[in-house]
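Residue numbers (UniProt numbering): 1 to 102.
Where is the CB? At the ideal position from N, CA and C, for every residue including glycine.
In this text the structure is predicted, and so the values were computed from the model without any measurement.
Have a look at the structure below before the remarks.
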């Protein structure tokens, strides 16, 4: 296989990694391991020159996501401006519940 020509300067490719690094105030071991694996992979690609002319840059953050948080209080954008729902709040089901009970 023919080697690709080296670029004069590397273009930065940013990769966003969202990792669940903590549960409450305690670290989450799986999240810490996943972050370490992602960093290792990026370092491996960069050091071995697997993408000539490009350099990977990993940007990470600790997520605060719950797939089942149904509390209506979390809908308050002034209190939780970055909260993203994956399930409807309890309050959206109330009309159906009331109709069923009647």
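By the CB criterion at 8 Å, residue 32 and residue 58 fall outside the cutoff. DSSP places residue 33 inside the alpha helix (DSSP H), whose first and last residues are 29-48. Residue 50 and residue 44 have their C-alpha atoms roughly 8 Å apart. Residue nearest to residue 23 within the set 81, 12 and 64 is 64 (criterion: CA-CA distance). For residue 10, the secondary structure class from DSSP, reduced to helix, strand or coil, is coil. Under the three-state reduction of DSSP output, residue 26 falls in the strand class.
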